[in-house]
Every structure is written in C-alpha cells, then in structure tokens.
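Structure first, then comments.
There are 2 protein chains.
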Amino acid sequence: MTHQGPHACRAWRLLVELSLSQRASLPAVAAELDLSPAQCHVLHLLEPGRAVAMGELASALACDASNVTGLVDRLEARGLISRQPSASDRRVKVLTLTPRGARARALLVERLTSPPVAFGRLSAAEQRTLLELLARVLE
Amino acid sequence: MTHQGPHACRAWRLLVELSLSQRASLPAVAAELDLSPAQCHVLHLLEPGRAVAMGELASALACDASNVTGLVDRLEARGLISRQPSASDRRVKVLTLTPRGARARALLVERLTSPPVAFGRLSAAEQRTLLELLARVLE
DNA sequence: TATTGTTATACTCTATAACTATA
DNA sequence: TATAGTTATAGAGTATAACAATA
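This is the structure in structure tokens:
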C-alpha cells in the first residue's frame, strides 16, 4: 500500500481509461496498415537500425517465447522484418526491420501519435507543463 | 493536419507509449483474476447496476457483434454476467453484472487503478496540476 | 425490409509441453 | 546441464458471411 498524493489515483485512473480506449482504437489503426494489433506492437518495439533478440521481444511483450515465433513468422513472411542467427551465440535469433518494415513502422508511428484535437483545449504553456509532468512519471 | 502546440505531440507520444506498455501489463492483471484481457475490458465497461445491450458493447469495444456473442457466452458460463431479452424490443439482449461479476469487476478496477510508485516523484500540487490537465484533454 | 443477435468458418493470438540445437 | 528458439496442440479473440427472430 503506497502513499500517493490525493490526485495521483484519479490521474492514474484517467490514464487507465485512455489505455482501455486505445485498446479499442488500435485495431482500427492496425487494419488500416493491414496488420494485427499484436504485429503493430512488435513493429513499434523494433526501432530502425537496432537489432533485438527474440527473447528480448518476448520479455517486452510479456508473452511466451513460442508466441513470438508465430508473430515473427508472419511478419517475416510479409517482408517486414528479418531473422538472423546471432554471430556470437548461434542459439539466439536477431531481428531487424527491413526497409519495407521501417516504412510500415514510420506510418504506424505517424498514425498513433497524431494527438487528439482535445489537446487544443490547452494553451501552449499548459501543454508544456503536461509534457513535463508526464515525462517525470512515465520515463 | 491539426495545429497543435509544440508539446502536444510529445505529450501524446508518452501517452501512447503508456497505452502500449499497458497492453503488456493487462494480461498479468487479467491472469491474476483468471480472466482474459478482452474479458477484463467487457467487465470494465459493465458498470454495476447499469444494463447494456450487446450491440452497445460491440460499439464500445469497436469489434464485430459476432465476437461479442462469444465473449458473453464465456462470461455468462462463469456466472459473471446475465443475458436477458429486452422487454421493449425482444431482438435486443441486455447484459448486467451478477453479484459475483460485480465483485470481480471491483477487484479488477482496484488492481488496474493503483498508481505506479513513479507518481511519488511529483509533489501534491504537481499531481493536482497533472490531473487537471489530463481531465481537460481526456474527458 | 431492416435490425439484433447467433452460427459457421477461418485465421490470428496465446500458453503449455515436448523437442532441437547450441552453449 | 542450461538456454534460445521451434513445433504440436488447444483454447480464446477476431472478422466475414449466412441465418433466425423480431420489428
């Protein structure tokens, strides 16, 4: 039982509402890119130019390794990611975005991160304050 | 292309990161309650004492009606919700939480809304400011 | 005729358990 | 022996299309 300030709980509840509504809106963005929500999550985690082991991906997705195999199978079949054995440990498979995958990811990030018009309700100074407070809590 | 203040985009990006990380944490909360993430979403949408038609649920979940049938089948089989034909339009099926479902929902909300310790980094005044700004954007 | 929900079907997501290859 | 990933299997989530009951 942590002792939070009196507003932390309500602020967090708003953020949880947001997450659940995002849960409903991600499928629409995904469908626009002809991807599933889970595939979008994988693409989002694979930053361009950075190699990620399948096990790392399983940890980040908080899912079983066997699940990652299937996700990667389908993304690889569509030419969006590449799967190569690691040079230093051949048990490990290393994932990278293909150029096509990087383009798909860029499109995804663009769709996901265009802020809702409701942000316009805040002044520039308020937007800056919001950003700073969120950064301290979430980063 | 909307014109947002310079910080809106970054603030929104933080919120999207949060949503995707929630996407990874919801399954753990769900497993604790022996539910799936989708079932948690349904339970969260069914407020105690309020009747919801299946079609409304499909809209709120942004999914096909046929999918709701399966979700409701499983929740009803576990005694968490009840499905009754509407008195005014017998095509419509109306959903309500059972007492057991209401208890499961209360537990779910409690688990979901306990704020992360990182909120402690903010002073009480800052938490209040954050709440007010979020409320204006998200409500 | 139009609408609400169900059924049939197919595919994806997900976990568990058994397996292979490598360390 | 331990670890990374795969395969087999089963159940849940999801959409599309065809259907039944009701309006």
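First to last, the sequence lines map onto chains A and B.
Residue 6 in this note's numbering sits at position 6 of the first sequence; the count goes up by one each step and never skips.
Residue 212 in this note's numbering sits at position 73 of the second sequence; the count goes up by one each step and never skips.
Virtual Cβ for every residue (Gly too), placed ideally from N, Cα, C.
Taking 8 Å as the cut-off, the Cβ atoms of residue 136 of chain A and residue 260 of chain B count as close. Chain order gives the chain A residues near residue 266 of chain B as 5, 7, 8, 11, where near means a beta carbon separation below 7 Å. Annotation for residue 160 of chain B: the continuous alpha helix (DSSP H) segment containing it runs 147–171.
Against chain B, a Cβ distance below 8 Å from residue 137 of chain A picks out 255, 257, 258, 260, 261, 269.
With respect to residue 81 of chain A, residue 94 of chain A sits apart: the two C-beta atoms are not nearer than 8 Å. Those residues of the stretch 17–30 of chain A placed with their C-beta closer than 9 Å to a C-beta in chain B are 17, 18, 19, 20, 21, 22, 23, 24, 25, 26, 27, 28, ordered along the chain. Contact of residue 201 of chain B with chain A by beta-carbon distance below 8 Å involves 24, 25, 27, 28. Looking at the DSSP output, residue 245 of chain B bridges to nothing.
Rounded to whole angstroms, the separation of the alpha carbons of residue 227 of chain B and residue 113 of chain A is 43 Å. Burial state of residue 243 of chain B is buried, judged by a 10 Å Cβ sphere holding 16 or more other Cβ atoms. Bridge partners of residue 116 of chain A according to DSSP: none are assigned.
In the three-state reduction of the DSSP assignment, residue 86 of chain A falls in the coil class. Residue 61 of chain A and residue 41 of chain A do touch by the CB rule: their CB atoms are close to 6 Å apart, below 8 Å. A check of alpha carbon separations from residue 34 of chain A across A/74, A/133, A/85, A/139 identifies A/74 as the nearest. Interface annotation for the stretch 74–92 of chain A against chain B: empty, criterion Cβ-Cβ distance under 9 Å. Contact between residue 254 of chain B and residue 8 of chain A holds, since their C-beta atoms are separated by about 5 Å, short of 8 Å. In the DSSP assignment, residue 94 of chain A falls within the unbroken beta strand (DSSP E) covering 93–97.
Here residue 161 of chain B is buried. Its C-beta has 16 or more other C-beta atoms within 10 Å. Within the stretch 239–253 of chain B, the residues whose Cβ lies closer than 7 Å to some Cβ of chain A are 251, 252, listed in chain order. Under the Cβ distance rule, residue 153 of chain B counts among the residues neighbouring chain A, one pair being separated by less than 8 Å.
When the alpha-carbon of residue 187 of chain B is set against those of B/247, B/270, B/258, B/273, the nearest one is in B/247. Look at residue 273 of chain B: its C-beta is under 8 Å from a C-beta on chain A. Rounded to the nearest angstrom, the gap between the Cα atoms of residue 238 of chain B and residue 250 of chain B is 19 Å. Ranked by Cα distance from residue 86 of chain A, the options A/51, A/139, A/18 are led by A/51. In the structure shown, residue 124 of chain A adopts helical secondary structure according to DSSP, grouped into three states. Using a Cβ distance threshold of 8 Å, residue 129 of chain A and residue 272 of chain B count as a contacting pair.
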